[in-house]
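Residue numbers for the sequence shown follow our numbering, beginning at 4 and rising by one.
The beta-carbon is built from N, C-alpha and C at its ideal position, and this holds for glycine as well.
One structure below.
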Amino acid sequence: MFPVIDVRSIDSARARGERYGSRAKERILHSVQTYARLFADCGLDWTEAGRRAMQYRDAIHATDPELLEEMEGIAHGAKLVFSDILALNCRTEILPSSFLAQVSDKAAQARRHNQALGLLDWGECTAMAVSARASKDGHTWLAQNWDWIGRQRAALVVLHTLDVQGRAIATLTEAGMLAKIGLNDQGMAVGLNILRSVADGSKPGVPVHVLLRHALSFDSLKAFRMRLHELANGPGFGAASNIPAADASGDIGSFEIAPAAWSEHSAHEPVLVHTNHFLCTPLLDQQAVMASSLSTEARLRCAQHYAAQTPISVATIEALLRDESDGLLSVCRKPDPTLPEQARVESVAGIRIDCTERRWWIAPNVPSQVEFEEVATGFAANQYAGLA
């Protein structure tokens, strides 16, 4: 399992960040090396990436100033400069919407050089949210595979921290980042499917990974929906993403975010699935060229097949996350050994979250190859059973 870093006993945001940074120092440096290489493939050196990241500081401050303090602490604890940590948390916004194609072109050249056949795919992540009324056990579930560059598995950590109100948060994230996939002690859970819009990075707005952490400071999807309206009318959003979410009340949601606007996909449906392209009609014209995500529509159809198998059981959820029916382009994705390391996308982990009982399980490798292990949240989860 991934290293667990618990900073909940520390009072201030900056001090929590310092503890996180010092304990995850080596993994944070691994993250910096990974993204420095990706930026370089797009013609950006690390110094320029940090300069661009600083443009998002005001939007982050408008969202939650304590998150800036925490990032300053992470930098100090890891013996880095603030712009290094900010660049990690703004990596989606800094990378151009065409970056996948640029890196893919280089990988394709290497592949041809190795006389390997086939097409490249940079599709990332498949998610499912199951409402209480659609699940076999009457619980609310959020699950997804996290597909990304395989080398970043060595940078992952489980972070236990607090929000500005003292709410406990558990998140699986890349070291140095505030959050990615996780839940809080009220049973609110979020995931992430990266989308790419034509306006990504066109103006400073709330970065995706900051938004994920901020989402975990709410008790319910109802409150988060209201906050999305406020943020859209305030600092706005820096880049596109899909945030699948669920809460202990039984509510589920799938929010598509873009610099131009945000929308909710199939509200009130009992089961929601999403991959890596826009589904909301108001945002379809925001879709960037999808040549580098060949599998997203096929993975969506696969997820829809499992979503139709109501009532949804834990076995159904795990079967989706382990589905290899489309080879290297499947929901459960194995690395393609013919590709160079920086282009070798795979399922770095699988996650399923029981919002009702505030419990979660992580498969710490390609899900078809390992078991889902329960990871302690420290939320005294059993006291919540049956109370949501």
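Under 8 angstroms between C-beta atoms of F281 and I260: With contacts defined as CB atoms closer than 8 angstroms, F281 and I260 fail to qualify as a contacting pair.
Pairwise C-alpha distance: G204 and D3: What is shown of the chain runs 4 to 391, which leaves residue 3 out entirely.
Same chain, Cβ closer than 6 angstroms to A251, neighbours up to 5 away in sequence not counted: Result list for A251: G190, C358, T359, A391, in chain order.
Touch test, the region 305-319 against the region 254-271, Cβ-Cβ under 8 angstroms, three pairs minimum: Under the Cβ criterion (8 angstroms, minimum of three pairs), the region 305-319 does not count as touching the region 254-271.
Within the region 180-246, ranges of the alpha helix (DSSP H) (whole runs, at least 4 residues): Listed in chain order, the complete alpha helix (DSSP H) runs (minimum 4 residues) inside the region 180-246 are 211-218, 224-235.
Sequence-distant residues of the same chain with beta carbon closer than 7 angstroms to I13, five excluded per side: Closer than 7 angstroms at the Cβ level, and outside the excluded window around I13, lie R19, R22.
6 angstroms CB neighbourhood of H79 in its chain, flanking five on each side removed: Around H79: E21.
Supposed contact pair D329 and S298 - C-beta distance, whole angstroms, cut 8 angstroms: Their Cβ separation, rounded to whole angstroms, is 7 angstroms, which keeps S298 and D329 in contact under 8 angstroms.
Nearest candidate by alpha-carbon position, reference M74, set T66, A62, D87, A52: The option with the nearest alpha carbon to M74 is D87.
Alpha helix (DSSP H) segment containing N86, residue limits: Residue identity differs from the one stated: residue 86 is Ser in this sequence, not Asn. Element bounds for S86: 85-92.
Candidates I8, S34, Y38, R170: closest to S25 by CA position: Of the listed residues, the one whose Cα sits closest to S25 is I8.
Rounded C-alpha distance that separates A249 from V378: The alpha-carbon atoms of A249 and V378 are separated by roughly 19 angstroms.
Run of the alpha helix (DSSP H) containing V317, from where it starts to where it stops: Residues 317-324.
C-alpha distance - C283 paired with Q289, whole-angstrom precision: Roughly 10 angstroms separates the two Cα atoms.
Neighbour-count burial assignment, E321, 16 or more Cβ in a 10 Å radius: Looking at its Cβ environment, which holds 16 or more other Cβ atoms inside 10 Å, E321 is buried.
Nearest-angstrom Cα separation, counted from A263 out to M293: Spanning the two alpha carbons is a distance of roughly 18 angstroms.
Test item: CB-CB of R361 and D166 under 8 angstroms: Their beta carbons are not under 8 angstroms apart, which means R361 does not touch D166 by this criterion.
Sufficient close CB pairs (3 or more, under 8 angstroms) joining the region 168-188 to the region 213-221: Flag = yes, the region 168-188 and the region 213-221 touch.
Continuous beta strand (DSSP E) stretch holding A366: start and end: Going by DSSP, A366 is part of the beta strand (DSSP E) stretching over 362-366.
C-alpha gap between E46 and P99, whole angstroms: Reading off the sequence shown, one finds Gly at residue 46, where the question assumed Glu. Straight-line Cα distance between these residues: approximately 10 angstroms.
Length of the line joining the Cα atoms of A301 and A16: When rounded, the distance between both Cα atoms is 42 angstroms.
Cα-Cα separation between L275 and C128, rounded to whole angstroms: Cα to Cα, L275 sits roughly 14 angstroms from C128.
Assigned exposure category for H4 - 16 Cβ within 10 Å defines buried: The question names His, but residue 4 in the sequence shown is Met. It counts as exposed.
Residues near L332 in its chain [Cβ-Cβ closer than 7 angstroms; skip 5 each side]: Closer than 7 angstroms at the Cβ level, and outside the excluded window around L332, lie D124, L297, S298, A301.
First and last residue of the uninterrupted beta strand (DSSP E) at L175: Note, L175: beta strand (DSSP E), 171-177.
Cβ-based burial, Q168 [other Cβ within 10 Å; buried from 16]: Classification for Q168: exposed.
P285, buried or exposed, once every other Cβ within 10 Å from all chains shown has been counted against 16: Classification of P285: exposed, given that the 10 Å Cβ count is below 16.
C-alpha distance - A242 paired with L324, whole-angstrom precision: Their backbone Cα atoms lie some 26 angstroms apart in a straight line.
Proximity of G76 and L145 at Cβ, strictly below 8 angstroms: The Cβ atoms of G76 and L145 do not sit closer than 8 angstroms to each other.
Which of helix, strand or coil DSSP assigns to A263: Three-state DSSP puts A263 in coil, outside helix and strand.
C-alpha gap between D108 and V317, whole angstroms: Low confidence applies here, because D108 scores a pLDDT of 49, under 50, leaving its location unreliable and the question unanswered by this model.
Short Cβ contact (8 angstroms threshold) for H33 with A178: Yes. Within cutoff.
Counted within 10 angstroms of its Cβ, other Cβ atoms place E29 as buried (16 or more) or exposed: Classification for E29: exposed.
Boundaries of the alpha helix (DSSP H) in which V35 is found, first to last residue: Element bounds for V35: 28-44.
Expected contact under 8 angstroms - CB spacing of A215 and I255 to nearest Å: At residue 215 the sequence reads Leu, which differs from the Ala that was named. Incorrect: roughly 16 angstroms between the Cβ atoms, too far for contact.
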